[in-house]
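To start, the structure under review is shown below, and the notes come after it.
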Amino acid sequence: MKGCKKCRDRLVEALYGDLDPEQKTFFKNHIASCPSCAAKFKALTETLKTMDKRVRPEPGQDFWNGYWDRLSQRMEEERVGQEESRSWGKAFSRIWSLRARWAFQAVAALALIIAGIFIGRTIFSPPRVAFEVASQASETPPVQPGEGDPVLRARSYVDRSKLVLLALVNYDPKSEDPYGLDLPFQKQVSQELVSQAGDLKSDLKDPSQRRLRELVVDLETILLQIANLESKNDLEAVEFVKQGVENGGLLLKINLNEMGRDLSGGGRRAAAEKSPAQKTNI
Amino acid sequence: MTEEKELIDRLSRGYMSAFRELVEAYKKKMYYFALDMVRDPADAEDISQEVFLKAFRKFKTFKRDAKLSSWLYRIAYNASIDHLRRKSLAPQTVEDETLDVASQGFSDSPPSPDPARTAESRLLSARVEKALQKVSQRERTVFLLRHYNDLMLEEIAETMQISIGSVKSYLFRCLRKLQKELAVPEAPGQMEVSDERL
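Chain order of the listed sequences is A and B.
Using this note's numbering, you'd call the opening residue of the first sequence number 498 and step up by one each time.
Using this note's numbering, you'd call the opening residue of the second sequence number 15 and step up by one each time.
Take a look at the structure:
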């Protein structure tokens, strides 16, 4: 029927009396002439009447009388809670600001210390490699008499002897402290070298090793003199040994031996196989 | 309307007496609406108080051209929805809730001189509650606001932040569902259970 859709659209407002006068007139006329819409309207009106039977629990007058007091109490509790949290917040922020200040100072100081250690270790400290090589070399067991290549042992012997002789030759009692020469130490090294000389002489049997053997013998003589020096401050004896070194041309012989060693290509090998005593600046 | 404007003006100035006036004017409406929504008297009071606390704290967000009641209902609606969401983690059965509310309602009412009529009224009320639980949350809210809280369709739209067309649609669908639900005769077994509980 004509107007049913319009009627259905107005049904909700009609049920609650929300229609304006014009709409109300239309609705009444349509309901009067349309049994279908009238039945729907009636059924929904009955439903609403049934829904009116719903009973809400009534809390009672005491509940309403005390409502404001309970609400006020809750407001007060919330206000106190907020103030407490605000004061806690303030205290925390104060601690945080203090903490932040000294924390930043501490962190800055620590950073400076770490940077200083890093710079000191990386720039100003001596290279560790050389130290490690020297310490490793010092840990290697000394060559025992009769062990290893006799030429290499002889070269080590010559090198160590050269150091002893140089220490003695370069010693000047006029310009230097007489106690500057560590004579006991030189005597000790000389004794060790003399003890090795016997084995070396017997091991250097090859004719090509003749010159080296002669040098070992010459050095043994002068080292024996040094080892037999009696007094620490026996300057005359020291001068006597020095003259012996010079007269025998021992340092020259040592240098010639080294030159020959280099020419024969054994210089690098010999340098690599320097004795532990040389590496530790004996 | 002039009184409401005056009240709004005093509320915006932070007068405590104005706030108390607001509470006294709307406490029942807020409580009953919350009760309709959450169906628990203690929760309803809690929600209604929350409405006033929020209104007090955030009155500066209230728009002067809006209706005070719509604004309060909107707060109550949101608070109720939040409450229901939290409570939905441990839901009760529809029957239990319906009967609980029906029995609570009658427990506080004065003793009736006609016990038979009282029992019939209780059953009908429980049936209405049950029918209301069969419709969707939005349909129910629109119906509760219109039928039991007398809000106009425009006010409901403002409260729920939906269009008037949507309000009409929800309301019509709700009425049709309620009609259908109430037309079905109550099963004898369910009646017996209701009698036992009541």
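Even for Gly, the Cβ is constructed at its ideal location relative to N, Cα and C.
Treat the numbers as computed from the prediction; the structure is a model and nothing was measured.
Scanning its chain for C-beta atoms nearer than 8 Å, with the 5 sequence neighbours on each side dropped, one finds no residue around Met30 of chain B. Burial of Asn754 of chain A is indicated by the presence of at least 16 other C-beta atoms within 10 angstroms of its C-beta. Not flagged as an interface residue toward chain B: Ala511 of chain A, since no C-beta distance is shorter than 8 Å.
At a beta-carbon threshold of 8 Å, none of the residues of chain A lie near Val149 of chain B; the nearest stands roughly 11 Å away.
Here the alpha carbons of Leu512 of chain A and Lys539 of chain A stand approximately 9 Å from one another.
Counting along the chain, Cys501 of chain A sits inside the alpha helix (DSSP H) bounded by residues Cys501 to Asp506.
Fewer than three Cβ pairs drawn from the segment 735-746 of chain A and the segment 687-706 of chain A lie within less than 8 Å of each other, which leaves the two stretches out of contact. Here His527 of chain A has Gly500, Cys504 and Cys534 as same chain residues with Cβ atoms under 7 Å from its own Cβ, once five neighbours each way along the sequence are excluded. By alpha-carbon distance to Gln570 of chain A, the top candidate from B:Asp60, B:Arg187 and B:Tyr87 is B:Asp60. By the criterion of at least three beta-carbon pairs nearer than 8 Å, the segment 696-708 of chain A is not in contact with the segment 718-727 of chain A. For Cys534 of chain A, the uninterrupted alpha helix (DSSP H) segment begins and ends at Pro532 to Met548. For Phe66 of chain B, the C-beta contacts it makes with chain A under 7 Å involve Leu568, in order along the chain. Bounds of any alpha helix (DSSP H) do not take in Met166 of chain B, whose DSSP letter is neither H nor E. Close to Arg553 of chain A, with beta-carbon spacing below 8 Å, are these residues of chain B in chain order: Tyr46, Leu49, Asp50, Gly119 and Tyr162. Within chain A, the residues Leu508 and Val509 have their CB atoms less than 7 Å from the CB of Phe186 of chain B, given in chain order.
For Gly645 of chain A, no alpha helix (DSSP H) segment is defined, and its DSSP state is neither H nor E. Put simply, the backbone Cα of Ala69 of chain B is about 17 Å away from that of Gln579 of chain A. Taking a Cβ-Cβ threshold of 8 Å, the residues of chain A close to Ser139 of chain B are Lys550, Arg551 and Val552, in chain order. In the structure shown, the three-state DSSP call for Gly617 of chain A is helix. Between Glu169 of chain B and Lys81 of chain B, the C-beta spacing is below 8 Å. Using a Cβ distance threshold of 8 Å, Leu748 of chain A and Val666 of chain A count as a contacting pair. In the structure shown, Glu555 of chain A falls within a coil segment according to DSSP collapsed to helix, strand and coil. Taking the C-beta atoms as reference points, Met44 of chain B is found no nearer than 8 Å to Leu98 of chain B.
Counting only the Cα atoms, Val149 of chain B lies some 7 Å from Lys191 of chain B. Cβ contact annotation for Leu189 of chain B (same chain, cutoff 8 Å, sequence separation greater than five): Phe157, in chain order. At a Cβ-Cβ threshold of 8 Å, Leu49 of chain B and Glu35 of chain B do not count as neighbours. The beta carbon of Ser177 of chain B does not come within 8 Å of any beta carbon belonging to chain A, so the residue lies off that interface. Among the residues of chain B, those whose CB is under 8 Å from the CB of Glu575 of chain A are Leu67, following chain order. Asp559 of chain A has a beta carbon lying at 8 Å or more from every beta carbon in chain B. Per the C-alpha coordinates, the member of B:Arg187, B:Phe33 and B:Thr16 positioned closest to Asp79 of chain B is B:Thr16.
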